[in-house]
Each structure stands twice: as C-alpha cells, then as structure tokens.
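Take a look at the structure set out below.
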Amino acid sequence: MRNNRGQTLYYFLIFTMIVVLSWAMMLNIAKLIRDRMVMQNEADNAVLNLATHKARTMNFVASMNYLIGTVLSLGMEPNWVQIPYYSTEKVGSYVYGDLGNGFDQKKGDGAGMLKDIVNGLQKAQDVALYNEEAYNLFVWIELAEKGYYMDPLGIPTDMEKYLGIKRNTKGITYIYTYSTTVKGIRIVYNPLPNFGQYEMDEMSGESNSQGDWGTVKKILSPITTVGKLIGRGSTVEYKHDDYSWYVADKDNISNQKIRMTIIKLASDSDRPLFAKLLGISYPIMVANSAAAIYNTKGTMFPSKEGTNTGVTDAPLFYLNTGAESAQVAMLTAKLINVFEKPGAIASLAIGGYVTARTALNWARAYYDKDNPIDAYDAAKKGGWAAHLVPYDVEKQ
C-alpha cells in the first residue's frame, strides 16, 4: 500500500515537473517571439522615421532652391535701362531697386538686399541639413537606450552625400549699381571707368531741375559711349558668393535607400525561466530593415551646375516686364519730345536693343529647364515621400 502511494507521489512530482517545465518553455518561447517581433517593429519604425524625415528635408531644401532662384531672377542686367537677366552671372539691383531722386551715391543697395534674402534662404538650407544629422543621431540614441546596438553604427556625417545633392559652385556675382532719375526717367547703371562724375553731377543737379537735356544728349550722341554703357563687359563686382543653390549629385541622388541592422544582446532582465535548470539562454537577436524615399515626378533639383535661375510664373515676372516696358515708353516719349527726329531714332535704337536683349534673356531662361525654378515646378506635385522596402542582404 505504501509502495503504491510512493509511486503515485513520484509520478505526480514527475508530471508536475514536466508541466512546470513545459509551461516555462512555452513562456520562454512566447517571450522570445514577442521580443523578436518588438525588435523588428522598432527597426521598421526607426528606419521609416529616418526616411520620412529625409524626405521632408529634401522637400524643404528644394523649396528653398525655388525661392533662391525666384529672388535671383529679379536681378537686373544694369545696362542703363533695366533688363531682366535671369542669371547669377550678373545680379544688379531689382525692379525699381535703389530708388532715389537725382544721383544716389549709395552703391549696391538693391543687389545687397537680394544678397541678404538669398543668404537667409541658404542659411535655412544649412539649418535643415544640421537638423537632419541631429535627427539621425537622436534615432540611434533612442534605440541604444532601449537596449539595441547598431552594427555598423551607420550615422551619416556627410549630409549632402546622404541626401544626394551638392552645391552649385557656379556662384553668384552681385554687382554695383547706381540709380538716378532724369526728368522722370529712372536709370539704373553700372559705374564705368570712362563715365565721368561731371556728367552725373550735371544729370542729377542743375540740369535735372532746370530741364536742361544737354547732358542727356551728350551721353546719347557718341555711339562709343552708348555702346560701352550698355555693353556686357563693364560691370564692377560688389560681392561674389561661392555657391548659389543645390543641384542633384548624380553619383548619389539615386541611392536613397536607408538600411538598418540592430542587435539585441541577452541581459539579466532577459534571463529565461529556469535557465540554470534547463541550461538555456536567449540567443543574440538581429533585426534588419530598410526604407527609401522616392518622388515619381523627378528630383526637384537641377541635374547639373549652371547660372540660369529660370523664369517663375509668379506675378513678379509680369512686374519685371511691366516696369521695364513703362520705363522704355517714358524714355521714348521724352527723347522724341526733346530731340524730335534724332530722339525718335535714338529711342527706336534703345527700344529695339532692350526688346531684343530682354527676349534673348527670357528665351534662354525659359527654354533651358534645368534650373531651380523649373526643376521644382516639374516635381513638386510628386513630392518626396518614404516607404519600407526589402532589405536585400546581398547588397549590404
């Protein structure tokens, strides 16, 4: 009888131990599966956050590109009558910049204002790149605080290469401009070596108030003076910036895939139930994930370096054209009124030059679409976005 009771107790203990160990093993396996799922979710969330932030940075930098191009498109070719230039080769004043009655000794006010605005937009781009780097570091630190380790560390340090963009080193040349108003006609010009102070003093002083157009005739009559006045090679530099906007880096712009590998080592808190009894420990877990940014309409950045700002469809373009046309009309009327036939000939010559030059500048800017304004317009409806993609271990 006692032997039967002992055997029963023995079998009961064996059964209980088997049940407990089976229960412990099921809990351990369930915890391991759960931890692996949580780890994969952490990797997916982290890499998708990085890609989403990267996409937003690309959109922001491209929008600043567009604004830089728009501001610089206001720069005028400072050759007597204002002519829109749409290029960073010459950025002199803007539509009715440097306003003043008579001769204004201040130089570069208009170009300086454009430069200040552009510098502010460029600094905004720099801040966006710094913020992108900081966000990458923040994500990695957050993963480390949760007990995950990165292999390799993978924090990008070259943000331009990481985003696939580079600076347009063609630069921006801001040039000095003077402004004067003679009989209601505003003239924006670049200082010329042979354009003496005497003539400008007369234009801005007594001759301006008394209606003496002798000085105007003195300037217009010699063909050589007029030629140099409207010539392209007579600009005086005010400031030069080493770069203007960002362009696509053809070697890196297509590589927009972000890969992440995180590792979790077993810790004391992760010790399995009855680990010593069972002689087991949790394995080292590894999770891989990848995400990419994409824009189905294009990159939003010019494909190569250049000086063409492009032509915006904004009202500013029409303001440019309207202001210039009004100025030419005023000058034509004044010349015809004062000089009669010679004035008509001079006005036709100036008007023809301005019209042809404006058409040339506009056509060059409009038909060359590889510029910050057109590149942004072509792809802004797509916009950069992010999604998870296959990790592709072989290419890691």
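Numbering (the numbering used here) for the sequence shown: 11 to 406. Glycine included, C-beta positions come from ideal geometry on N, C-alpha and C. These numbers were taken from a predicted model, which means no experiment stands behind them.
From the listed residues 296, 300, 145 and 374, the smallest Cα separation to residue 316 is found for 374. Judged by DSSP in its simplified three-state form, residue 321 adopts coil rather than helix or strand. Taking 9 Å as the cut-off, the Cβ atoms of residue 82 and residue 254 count as close. The stretch 93 to 100 makes no contact with the stretch 51 to 68: fewer than 3 CB pairs, one atom from each, lie closer than 8 Å.
The residue from 44, 385, 135 and 150 with its alpha-carbon nearest to that of residue 309 is 385. Under the 8 Å Cβ criterion, the stretch 120 to 131 does not count as touching the stretch 22 to 35, having fewer than three qualifying pairs. One alpha carbon belongs to residue 165, the other to residue 267, and they sit about 14 Å apart.
About 5 Å separates the beta carbon of residue 312 from that of residue 380, a gap short enough to meet the 8 Å contact definition.
When C-alpha distances from residue 274 are compared across 293, 130 and 44, the shortest belongs to 293.
Under a 10 Å Cβ-count criterion, residue 16 is classified as exposed, with fewer than 16 other Cβ atoms of the shown protein chains found around its own Cβ. Measuring C-alpha to C-alpha distances from residue 77 to each of 129, 169, 149 and 44 identifies 129 as the nearest. One alpha carbon belongs to residue 187, the other to residue 103, and they sit about 7 Å apart. According to the DSSP assignment, residue 247 belongs to the beta strand (DSSP E) that extends over 247 to 251.
Secondary structure of residue 47 (DSSP, three-state): helix. CA-to-CA, the gap between residue 150 and residue 138 works out to about 19 Å.
Per DSSP, the unbroken beta strand (DSSP E) holding residue 270 starts and ends at 267 to 274. In the three-state DSSP reduction, residue 130 falls in the helix class (H, G or I). Burial state of residue 85 is buried, judged by a 10 Å Cβ sphere holding 16 or more other Cβ atoms. With a cutoff of 9 Å on beta-carbon distance, residue 101 and residue 182 are scored as near each other. An exposed status is given to residue 133, since fewer than 16 other beta-carbon atoms sit within 10 Å of its beta-carbon.
The three-state secondary structure of residue 176, taken from DSSP, is strand. Take residue 399, set aside five residues on each side of it, and the residues of its chain with a beta-carbon closer than 7 Å to its own are 267, 300, 301 and 302, in chain order.
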